[in-house]
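Trainee: A single structure is presented below for examination.
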Amino acid sequence: MRRGGARWRGGGALRPSRPPRPHRPRRRSAARPRRGPGPLITATPGGSRPRVLVDATALRDGRSAAGIGRYVARLLAALEALPDGPRVTVVRPPGRARSENRGWRWLAGQPWALGTAVARRPVAVHGPAGEPVLGWPLRRQVVTVHDVVPWTAAAAHPPGPGLAAYLAVQRRLLRGCGALIAVSATVAAEAAAALDIPEARFAVVAEGVEAPFTSEPGAADARLRAAAGAPEGGYLVWAGSLRSPDPRKALDVLVEAVSLLEKEGRGVPLVLAGAPGAASVELAGLARERSVRLHLPGFVSDEALAALYRGAAAAVLPSRHEGFGLPALEAMACGAPLVAGRAGNLPDLCGDAALLVPPGDARELASALGAVLGDVAVAGRLRAAGPRRADDFSWRRCAEETSAVYRAICSGA
């Protein structure tokens, strides 16, 4: 209990209170940025460039190696390289090493990161993995749509109440976003139909390709192929994720097609490159049943993957659907003769630089592979056409067009 400037000690006399300490502002060196509960937040020069928050949590668990994570990683690197690009704050997945910071601001994973990012007042927020960033005004959000498979699958097979509610919420959120990016015209048309959004609202921004896929063959290629366990004398190669079975990839159809070639005496080994999991175990068993010489090198670096493409008799992407088809683009850039499914965006992406087959048809796939393996002229035409087609795509162009979307939404904020 206080009385004036004294403290009551209870039962005794009043004692004078200690004079208050003078306020001294905390000194902080300009060379030491503030730290938050997560990793160091580093500033990036920006000037008048728009401030953009990018949700990069799709990179968790090493998922930058394939799929949407690959798109997010390449886009961020290309945005950083733009001389007049936006000032980007990246929300990274928890546990991402600080040594991977480039020039961006990196913030720890949600929820602390989003609160800190909002305090920095970004003008636009980008969800590059297909979902809006919750807790931020939709009119200032950009979302990249890669496919609408969840909605089309739900239309064919009604989902349970939980998934149905989630899809309904996502549809409503996407409709309210300030800008939408589609990775292909195919996705834009499919999304417009599935989400009831005018197709004109989608900015079509294609993915890209860069070194090492656009590099010339090097002396290290043979060593990289050997390290990946690639057989000598020709092989077929597919690249993607083998963590879990995905019927859209039609890998069971691919194994069956190679089995048909083996029975005809024209078989070659099959290399499936990708992070292992339940799918690789399942396919290994199927290959044993079908007497297919299957090689599973697991995850390989971009350099090793490019070397595998350059040394392959053919690259194969027999998918039943692809929103874009990045493995096809990278294979073409390397000059690998490509056989792909006539589905999704693959016909538009590949043009005449691939042999296209009906998806899910093992005999048609085997016939196309046999044409590449048995006809030097066919293989040579595809090897020459692939790099020419790939020249139309680059991650720099993807970053420039994405940055233009940022500027458009920022100018209206």
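Sequence positions in the sequence shown follow numbering that gives the first Met the number 0 and run 0 to 412.
Don't be surprised by glycine CBs; every beta carbon is placed ideally from N, CA and C.
1. Note the first and the last residue of the continuous beta strand (DSSP E) segment covering Asp54.
2. Under 7 angstroms, do Pro85 and Pro49 count as touching if we go by C-beta distance?
3. Would you tell me roughly how many angstroms separate the C-alpha atoms of Ala30 and Val89, rounded to the nearest one?
4. To the nearest angstrom, how far is the alpha carbon of Ala42 from that of Glu400?
5. Taking 7 angstroms as the cut-off, decide whether the C-beta atoms of Val356 and Leu364 are in contact.
6. Leaving out five residues before and five after Ala219 in sequence, what residues of the same chain have Cβ atoms less than 8 angstroms from its Cβ?
7. Only counting runs of 3 or more residues, tell me where the beta strand (DSSP E) segments fall wholly within the region 290-329, in order along the chain.
8. Any Cβ of chain B within less than 7 angstroms of the Cβ of Ala229?
9. So, helix, strand or coil for Val87, using DSSP?
10. Measuring only the C-alpha atoms, how far is Ala96 from Ala378?
11. Classify Ala332 as buried or exposed, calling it buried when 16 or more other Cβ atoms lie within 10 Å of its own Cβ.
12. What did DSSP end up calling Thr401 once you bin it into helix, strand or coil?
13. Would you report the Cα separation of Ala188 and Glu198, rounded to the nearest angstrom?
14. Does the distance from the C-beta atom of Gly322 to that of Val186 stay below 7 angstroms?
15. Of all the options Leu250, Ser258 and Pro268, which has the alpha carbon lying nearest to the alpha carbon of Gly359?
16. Report yes if the C-beta distance between Arg242 and Ala274 is below 7 angstroms; otherwise report no.
17. Reducing DSSP to helix, strand and coil, say where Val141 ends up.
18. Thinking C-alpha only, which one of Ala77, Ala178 and Phe298 is nearest His125?
19. Could you work out which residue in Arg380, Val71, Arg319 and Glu130 is closest to Gly175 when comparing CA atoms only?
20. Taking the straight line between their C-alpha atoms, what separation do you get for Pro244 and Gly217?
21. Could you tell me the boundaries of the beta strand (DSSP E) in which Ala238 lies?
22. Would you mind stating whether Val291 and Ala313 have Cβ atoms separated by less than 7 angstroms?
23. For Ala361, collect the residues of the same chain with a Cβ closer than 6 angstroms to its Cβ; drop the 5 residues on either side in sequence, then sort them by chain order.
24. Apart from the five residues just before and just after Ser214, which ones in its own chain have a Cβ nearer than 8 angstroms to its Cβ?
25. Across which residues does DSSP place Ala178 in a beta bridge pair?
26. Which one of Ala152, Pro127, Arg224 and Asp347 has the shortest CA to CA distance from Arg91?
27. For the candidate residues Asp391, Phe392, Ala311 and Ala272, whose alpha-carbon lies nearest to that of Leu295?
28. Suppose the cutoff is 8 angstroms on Cβ atoms and the five residues either side in sequence are ignored; what does the same chain contact list for Val404 look like?
29. In angstroms, rounded to a whole number, what distance separates the CA positions of Pro211 and Pro160?
30. Which whole-angstrom value describes the C-beta separation of Ala77 and Cys397, a residue pair presumed to lie in contact below a C-beta threshold of 8 angstroms?
31. Could you give the DSSP three-state label for Leu354: helix, strand or coil?
32. Count the other CB atoms, across all protein chains shown, that sit within 10 Å of the CB of Ala384; report buried if there are 16 or more and exposed otherwise.
33. In the DSSP output, which residue or residues are listed as bridge partners for His125?
34. Hey, would you say Arg319 sits closer than 7 angstroms to Ala353, going by beta carbons?
35. Going by C-alpha to C-alpha distance, which of Ala164, Ala123, Leu162 and Ala192 sits closest to Asp146?
36. With distances taken Cα to Cα, identify the nearest neighbour of Val144 among Ser183, Pro157 and Leu133.
Mentor: Let's see:
1. Membership of Asp54 in the beta strand (DSSP E) is indicated by the continuous run Arg50 to Asp54.
2. Contact flag set, yes.
3. Caution is warranted here: a pLDDT of 40 is assigned to Ala30, below 50, making its placement in the model unreliable, and the coordinate value is therefore given only provisionally. Ala30 and Val89: Cα-Cα distance of roughly 22 angstroms.
4. The predicted position of Ala42 is uncertain, since its pLDDT is 32 and thus under 50; a value taken from the coordinates is nonetheless stated next. Their backbone Cα atoms lie some 24 angstroms apart in a straight line.
5. The Cβ atoms of Val356 and Leu364 sit closer than 7 angstroms to each other.
6. The residues are Glu302 and Ala306.
7. Fully contained in the region 290-329 are the following beta strand (DSSP E) runs of length 3 or more, in chain order: 293-297 and 313-316.
8. Looking at the structure shown, chain B is missing, and only one protein chain is on hand.
9. In the structure shown, Val87 sits in a strand (DSSP, three-state: E or B).
10. Reliability fails at Ala96, whose pLDDT of 41 lies under 50, so the model's placement of it is uncertain and the value that follows must be treated cautiously. Put simply, the backbone Cα of Ala96 is about 43 angstroms away from that of Ala378.
11. So Ala332 ends up on the buried side.
12. Thr401 falls in the helix class under three-state DSSP.
13. Just so you know, the alpha carbons of Ala188 and Glu198 end up roughly 6 angstroms apart.
14. Taking 7 angstroms as the Cβ cut-off, Gly322 and Val186 qualify as a contacting pair.
15. In this structure, Leu250 is the residue among Leu250, Ser258 and Pro268 with its C-alpha nearest to the C-alpha of Gly359.
16. Cβ distance < 7 angstroms, so Arg242 and Ala274 count as in contact.
17. Strand.
18. Here the closest residue by C-alpha is Ala178.
19. Nearest to Gly175 by alpha-carbon distance, out of Arg380, Val71, Arg319 and Glu130, is Glu130.
20. Within the model, the alpha-carbon separation for Pro244 versus Gly217 is close to 34 angstroms.
21. Residue range Leu235 to Ala238 is occupied by the beta strand (DSSP E) that includes Ala238.
22. Taking 7 angstroms as the Cβ cut-off, Val291 and Ala313 do not qualify as a contacting pair.
23. Counting only residues of its own chain and dropping the five nearest sequence neighbours on each side, Ala361 has a CB closer than 6 angstroms to the CB of Val252, Glu255 and Ala256.
24. Answer for Ser214: Ala305, listed in chain order.
25. Looking at the DSSP assignment, Ala178 forms a beta bridge with Val141.
26. Nearest C-alpha to Arg91: Pro127.
27. When the alpha-carbon of Leu295 is set against those of Asp391, Phe392, Ala311 and Ala272, the nearest one is in Ala272.
28. The residues are Val141, Ala178, Ile180, Ala202 and Val204.
29. Taking the straight line joining both Cα atoms gives about 45 angstroms.
30. Between Cys397 and Ala77 the Cβ distance is about 6 angstroms, and since that is below 8 angstroms, they are a contact.
31. When DSSP states are grouped into helix, strand and coil, Leu354 belongs to the strand group.
32. Here Ala384 is buried: its Cβ has 16 or more other Cβ atoms, across all protein chains shown, within 10 Å.
33. Looking at the DSSP assignment, His125 forms a beta bridge with Val53 and Val141.
34. Taking 7 angstroms as the Cβ cut-off, Arg319 and Ala353 do not qualify as a contacting pair.
35. Measuring from the Cα of Asp146, the nearest candidate turns out to be Ala192.
36. Sorting Ser183, Pro157 and Leu133 by C-alpha distance to the C-alpha of Val144 places Ser183 at the top.
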